[in-house]
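Residue numbers (our numbering): 1109 to 1348.
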């Protein structure tokens, strides 16, 4: 069995995972989060949305400056996947160290983990874009990166919508003017709220921070690799 056949099967398994029906627990959790969010004043939502939007945009600009150029087109999918795995190992180590350090520092440093980890995640996605041969300095590639991020850290309901966009990227990208930043920040916050609150607890913050960041990077790594693999297959089909 050749490598692309193996990857094709892995992509089918991943697709099923992304589109599976949400569990009862996840449905109840989402309802609870929606209820809690409805109790937050609209002004507060707007401030949080603008803050995350500006934070992400600043991170995108910074990542774009330091990211390497796209890898040559003649590289095989196997070679690109191996490079991607090496990038994930490296960035995961950085995230674990950062999570342990900020988690051990109490509430102030624990809060600092949010923008720091966000920066690490975005930088990793820019690196992966280059590995798979895409130029992240282009606007549509940055939109793709943001949708990969949203796919990794969102509810089951939103995940299906985002997966559809990524699965049909060539047809859907022209319909996208910008991200829905309100949804983007809300989904991300809901996804990580509980674990990040535990990171602020004295005595266990360092352990929780390291463990949480390890898992969050694994989730992002799996999502990003498969999103780019899926895109590679789509690009090859268009060429044929």
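We treat Cβ as the ideally placed atom computed from N, Cα and C, and that holds for glycine.
The structure displayed is predicted, hence computed values, not measured ones.
**Asked** Do the stretch 1174-1188 and the stretch 1291-1299 make contact, defined as three or more Cβ pairs closer than 8 Å?
**Response** no
**Message:** Check whether the stretch 1252-1271 and the stretch 1222-1239 are in contact - that is, three or more C-beta pairs closer than 8 Å.
**Reply:** yes
**Request:** Would you mind reading off the limits of the alpha helix (DSSP H) that contains residue 1270?
**Result:** 1264-1275
**Message:** When you compare the CB of residue 1185 with every CB in chain C, is at least one pair closer than 8 Å?
**Reply:** Chain labels in this structure do not include chain C; a single protein chain is all it has.
**N-terminal and C-terminal residue of the alpha helix (DSSP H) that residue 1121 is part of** = 1111-1127
**Message:** Taking only three categories from DSSP, how would you classify residue 1240?
**Reply:** coil
**Message:** Applying the 10 Å Cβ sphere with the 16-neighbour rule, what's the burial state of residue 1109?
**Reply:** exposed
**Request:** Apply the 10 Å Cβ neighbour rule to residue 1205 and answer buried if 16 or more other Cβ atoms are within range, or exposed otherwise.
**Result:** exposed
**Message:** Would the stretch 1331-1342 count as touching the stretch 1261-1277 if we require 3 or more Cβ pairs under 8 Å?
**Reply:** yes
**Message:** On a Cα-Cα basis, can you pick out the residue from 1161, 1224 and 1244 that is closest to residue 1233?
**Reply:** 1244
**Whether residue 1200 touches residue 1288 by CB criterion (8 Å)** = no
**Simplified DSSP state of residue 1179, which is helix, strand or coil** = coil
**Asked** Can you check whether the CB of residue 1242 is closer than 8 Å to the CB of residue 1178?
**Response** yes
**Request:** Closer than 7 Å by C-beta to residue 1168: which residues in its own chain qualify, once you throw out the five before and the five after it? Chain order, please.
**Result:** Leaving aside the five residues that flank residue 1168 on each side, the residues in its chain whose CB is nearer than 7 Å to its CB run, in chain order, 1230 and 1250.
**residue 1245 - DSSP class collapsed to helix/strand/coil** = Annotated three-state conformation of residue 1245 is coil, per DSSP.
**Asked** Comparing alpha-carbon positions, which option in 1175, 1286 and 1248 lies nearest residue 1227?
**Response** 1175
**Asked** Using the C-alpha atoms, what's the distance from residue 1117 back to residue 1123?
**Response** Between residue 1123 and residue 1117, the C-alpha separation is close to 10 Å.
**Item:** As assigned by DSSP and simplified to three states, the class of residue 1261
**Value:** coil
**Item:** Contact under 8 Å by Cβ, residue 1160 with residue 1293
**Value:** yes
**Best match in 1248, 1267, 1291 and 1263 for proximity to residue 1280 [C-alpha to C-alpha]** = Each of 1248, 1267, 1291 and 1263 was checked against the Cα of residue 1280, and the nearest Cα belongs to 1248.
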